[in-house]
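Colleague: Protein sequences, first through last, are from chains A and B.
Residue numbers for the first sequence follow our numbering, so the first one is 1484 and each next one is one higher.
Residue numbers for the second sequence follow our numbering, so the first one is 1484 and each next one is one higher.
2 protein chains.
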Amino acid sequence: MDRELLAWLYWKGVEGVMPRPLVRDFLSGFEWDGPVKLLAVGKGAGSMAQGAWEACRERVGEALVVLPPGMECPVPWRKVEGSHPIPSEGSLEAGEAALGLAREAGEGDLLLVLLSGGASALLEVPWPGITLEDLMDVNRQLIKSGATIREMNAVRKHLSRVKGGRLAQVAWPAQVVVLVLSDVVGDFLDVIGSGPFYPDPTTFAGALEVLERRGLLSFLPLRVVDHLRRGMAGEIPETPKGDEPLWWRVQHNILGNNRKALESMALMAREEGIKAIIYTSRVKGEAREVAQVLAGVAWEEAHCGRGPLLLLWGGEPTVTVKGKGQGGRAQEMALALALELEGWPGSFLVAGTDGIDGMTPAAGAFGDGTTVERARKKGLDPLDYLDDNDSHSFFEALGDLFIPGPTGTNVMDVALFYLP
Amino acid sequence: MDRELLAWLYWKGVEGVMPRPLVRDFLSGFEWDGPVKLLAVGKGAGSMAQGAWEACRERVGEALVVLPPGMECPVPWRKVEGSHPIPSEGSLEAGEAALGLAREAGEGDLLLVLLSGGASALLEVPWPGITLEDLMDVNRQLIKSGATIREMNAVRKHLSRVKGGRLAQVAWPAQVVVLVLSDVVGDFLDVIGSGPFYPDPTTFAGALEVLERRGLLSFLPLRVVDHLRRGMAGEIPETPKGDEPLWWRVQHNILGNNRKALESMALMAREEGIKAIIYTSRVKGEAREVAQVLAGVAWEEAHCGRGPLLLLWGGEPTVTVKGKGQGGRAQEMALALALELEGWPGSFLVAGTDGIDGMTPAAGAFGDGTTVERARKKGLDPLDYLDDNDSHSFFEALGDLFIPGPTGTNVMDVALFYLP
């Protein structure tokens, strides 16, 4: 019963952020008489392009849809397959094509950009002198060094001809409208897809500082470090900053994000007479630690006896993998929650809104106050599974996986707690 | 301005959980005509005893106050100094005295127990055959192995003659009333002071399982493992379980806890016309990870524009020390929050309610949306300080420490966020 409710609410949340109707509805009300060029890039590019097709295909001249490999393009526009999370030769082809499209867009043209998560790797052109292998090497070493996403972006944007607002520079003086499906905590437009059409707050000097802080200066290809040094010396133009007149012609609209998914769920719950609280759509941090806070709030509400109540959290926790098991962010979070919520009088669901969690067929998992006890009765030790990052096997053995299949959208993860 | 408000609210919260008036008021309304024996133990034993002295000193026959070393006893009752967090010879003297007191309490007597944090180490008697050194060794190895507090308690309770309800067994058939100042997330009575008067949910078998899981079976003194094995074989009586008639004569009252401190703050804020939200009094987990969730909620409220608003969290995060700096849970949490809340339009305070954070003279620290920027202008890198667990030096350099001095109570930590 409670699980049906949770799964139903999950789908209501996902429906609220489906890119196809969001794009279609936005463009149906959007007024523009001139010629339109279209660039769709990201994991949601196919369905976003479909929305545009339905709203205004007759006005679109040239169009380019950049998708992850193997994903079908539902519209008869030019399609290029990039790759994700590591850029490939396909990503370079996509990047060059996007540069061409932006370059050809002139005064009086509208460049319509449909941007979703994954765009950063799907679309890339390294600065002349830098190779694709260099970029991959830099990425790998930055990740290994423990660099934050902001630090990685500072470096990557300064090695690229498309990231950090560079595509907007090329598109000038065309009018640019970017419709965004956000898969980033806080919806930071300079972070989503590495902000190809957004002012870059980072600098060459900042990128070099990151390499120094992370101890990578001596380990990266010399031409990468040289490039950044020449940029710092003013020999290469900086990425465009926020005070340039360029931005008068660029407009971003966030059509879908995690908050919107949570609000859709809350709305449906309230229509069913269930009080709903949205705590935040900005959950970050190590999943097993974060789970302790969410569980703390769940226990407190149970003790205050305020049910029936739906507690909603969204965002994207991280998992530092130390074990050899199978799982993902959402399932690991669910396992850590189950451990904290033994005896709790409600049920919960943690799942990725894209329907995919890690390299598993599940989107997430259900849990309740009996999860741990049921596991122990089956001879499973939940702590062992958590230590081995093996949440998928754990929930599979219990029959508590949530497997909706790919949903066609992606606004990170949601956690729903239902307290009867 | 905002800092004055936050500090004022902190004090209002602390006032709501001051043990002396709480004990005095409770006992003033408590009806008992027979003789009373009194045992006060914990970091708050002095002020709790003072409350009892004021309410009913003429009815108290024998009394024992067990305090941390160097702490003054404000009442002329017998005082013994134990030690904390590692038990000492003084803790053994205190334990023997407490056993004597409980043994002498008979039918028709009231044993009044005033229990607060730290009691577990301040009061100890190892089971015959086990030495104080054994206990210290077990503690050290359990901590090093990463054992949870519940796992540590399962072992410790089964090596002790006072923990895990054993003192209640000895006190039977006297009536026992335990007044509690809780310093434990969730107010678990089997955890506070290792539950000397509370049913023990753990077993000898469970204690052995812990040692096995943590890989300690071959590394602990043989007589410790032998003792647990003999217990499992039924040669030593188990700690008392919840279904025994013994508990008909034992009653616990939680007079003060973290929730009560948060509620006192919320009440005062509301009287000042500031909306206040208590999220939970059960915050746990690694401070720098937990901070990301709390910051996520703070950002969300700021973006929803719902101020003026006071966001309240309580509990006890942990810090896994890897650096060499000076700090404590609250100050490290404040530093991690400052990093997440750069640009946030409000102010916050994280502090221990006891007025002491780690081995520093501060209780915690203030922060706001400018903390990180102000630090960078002074040449301080907040990330470096966080990596070195050096939050105290960081906030000292900024002049943002909160130093109220010892408050005389302890219900863990509080985090207050004020959004104008």
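A virtual CB, placed ideally from N, CA and C, is assigned to each residue, including glycine.
On a predicted model such as this, the values are computed, not experimentally measured, just so you know.
(1) Am I right that A/Ser1764 and A/Gly1798 are in contact with their C-beta atoms under 8 Å? What's the rounded C-beta distance?
(2) Using a Cβ cut-off of 8 Å, pull out every chain B residue sitting near A/Glu1772, in sequence order please.
(3) Work out the CA separation of B/Ile1626 and B/Val1833 for me, nearest whole Å.
(4) Going by beta carbon distance, what residues of the same chain come within less than 7 Å of A/Ile1839, once the five residues before and after it are set aside?
(5) Output, in sequence order along the chain, the residues in the segment 1776–1792 of chain B whose CB is closer than 7 Å to any CB in chain A.
(6) On the DSSP letters alone, give me the boundaries of the alpha helix (DSSP H) that A/Arg1771 sits inside.
(7) Within 10 Å of its beta-carbon, does B/Glu1754 have 16 or more other beta-carbons around it, so buried, or fewer, so exposed?
(8) Just to confirm, is the Cβ distance from B/Glu1769 to A/Glu1572 under 8 Å?
(9) State the DSSP-derived secondary structure class of B/Ile1626, mapped to helix, strand or coil.
(10) Straight-line CA distance for B/Leu1703 to B/Pro1720?
(11) Rounded to a whole number of angstroms, what is the C-alpha to C-alpha distance between A/Arg1742 and A/Val1780?
(12) Give, in chain order, every residue of the segment 1667–1691 of chain A whose Cβ lies closer than 8 Å to some Cβ of chain B.
(13) Could you give the distance in angstroms between the alpha-carbon of B/Tyr1901 and the alpha-carbon of B/Leu1824?
(14) How is A/Gly1739 classed by DSSP in three states: helix, strand or coil?
(15) If the cut is a Cβ gap below 7 Å, which residues of chain A does B/Arg1507 touch?
(16) Please report how far the alpha carbon of A/Pro1568 lies from the alpha carbon of A/Ala1602, in whole angstroms.
(17) Between the segment 1515–1530 of chain B and the segment 1544–1559 of chain B, do three or more beta carbon pairs fall short of 8 Å?
(18) Whole alpha helix (DSSP H) runs in the segment 1544–1591 of chain A with 4 or more residues, listed along the chain?
(19) In angstroms, rounded to a whole number, what distance separates the CA positions of B/Asp1873 and A/Gly1527?
(20) To which residues of the same chain is B/Lys1562 closer than 7 Å at the C-beta, ignoring the five residues directly before and after it?
(21) Please confirm whether B/Gly1612 and B/Arg1706 have their CB atoms less than 8 Å apart.
(22) How is B/Val1674 classed by DSSP in three states: helix, strand or coil?
(23) Counting beta carbon pairs with one atom in the segment 1865–1883 of chain A and one in the segment 1498–1506 of chain B, are three or more of them shorter than 8 Å?
(24) Which same chain residues, not among the five before or five after B/Leu1489, have their C-beta less than 8 Å away from its C-beta?
(25) Assuming the contact rule is C-beta atoms closer than 8 Å, B/Ser1511 and B/Ala1538 should be a hit. Round their C-beta distance to whole Å, please.
(26) How long is the line joining the alpha carbons of A/Met1635 and A/Ser1628, rounded to whole angstroms?
(27) Which whole-angstrom value is the C-beta distance of B/Leu1650 and B/Ala1585, which I expect to be below 8 Å?
(28) Mapping the DSSP letters down to three states, classify A/Val1653 as helix, strand or coil.
(29) With C-beta atoms as the reference, is B/Gln1809 less than 8 Å away from B/Ser1701?
(30) Quick check on DSSP: helix, strand or coil for B/Lys1805?
(31) Please tell me whether A/Leu1664 and A/Thr1892 are closer than 8 Å, where the distance is taken between their beta carbons.
(32) For the segment 1697–1728 of chain B, which segments carrying the alpha helix (DSSP H) assignment without a break, of at least 4 residues, lie completely within its bounds, in sequence order?
(33) Applying a beta-carbon distance threshold of less than 9 Å, which residues of chain A neighbour B/Gly1544?
(34) Identify the contact partners of B/Gly1798 in chain A, using a Cβ-Cβ distance below 7 Å as the criterion.
(35) By the three-class DSSP mapping on this structure, what secondary structure does B/Trp1796 have?
(36) Can you give me the C-alpha to C-alpha distance between B/Gly1678 and B/Arg1633, rounded to a whole angstrom?
Modeller: The answer reads as follows:
(1) 6 Å
(2) Going along chain B in sequence order, the residues near A/Glu1772 (Cβ under 8 Å) are Gly1768, Glu1769, Glu1772, Val1773.
(3) 26 Å
(4) Ala1846, Pro1889
(5) Of all residues in the segment 1776–1792 of chain B, those with a C-beta nearer than 7 Å to a C-beta of chain A are Val1776, Gly1779, Val1780, Trp1782, Glu1783, reading in chain order.
(6) Counting along the chain, the unbroken alpha helix (DSSP H) around A/Arg1771 starts and ends at 1770–1787.
(7) exposed
(8) no
(9) helix
(10) 22 Å
(11) Near 19 Å, if we compare the C-alpha coordinates of A/Val1780 and A/Arg1742.
(12) Val1668, Gly1669
(13) 12 Å
(14) strand
(15) Under a criterion of Cβ atoms nearer than 7 Å, no residue of chain A is adjacent to B/Arg1507; the nearest Cβ is some 27 Å distant.
(16) 9 Å
(17) With the cut-off at 8 Å, the segment 1515–1530 of chain B and the segment 1544–1559 of chain B touch.
(18) 1572–1587
(19) 43 Å
(20) Contacts found: Val1548, Leu1550, Cys1556.
(21) Yes, these two residues count as a Cβ contact at 8 Å.
(22) coil
(23) By the C-beta criterion, the segment 1498–1506 of chain B is judged not to be in contact with the segment 1865–1883 of chain A, since fewer than 3 inter-stretch pairs fall below 8 Å.
(24) Ser1830, Phe1831, Leu1832, Phe1849, Leu1899, Tyr1901
(25) 5 Å
(26) Going by C-alpha positions, A/Met1635 is about 10 Å away from A/Ser1628.
(27) A Cβ-Cβ distance of about 5 Å is found for the pair B/Leu1650 and B/Ala1585, placing them in contact under the 8 Å criterion.
(28) helix
(29) no
(30) coil
(31) yes
(32) 1705–1715
(33) None at all; the shortest Cβ gap to chain A is about 38 Å.
(34) Gly1779
(35) For B/Trp1796, the three-state secondary structure derived from DSSP is strand.
(36) Rounded to the nearest angstrom, the two C-alpha atoms are 12 Å apart.
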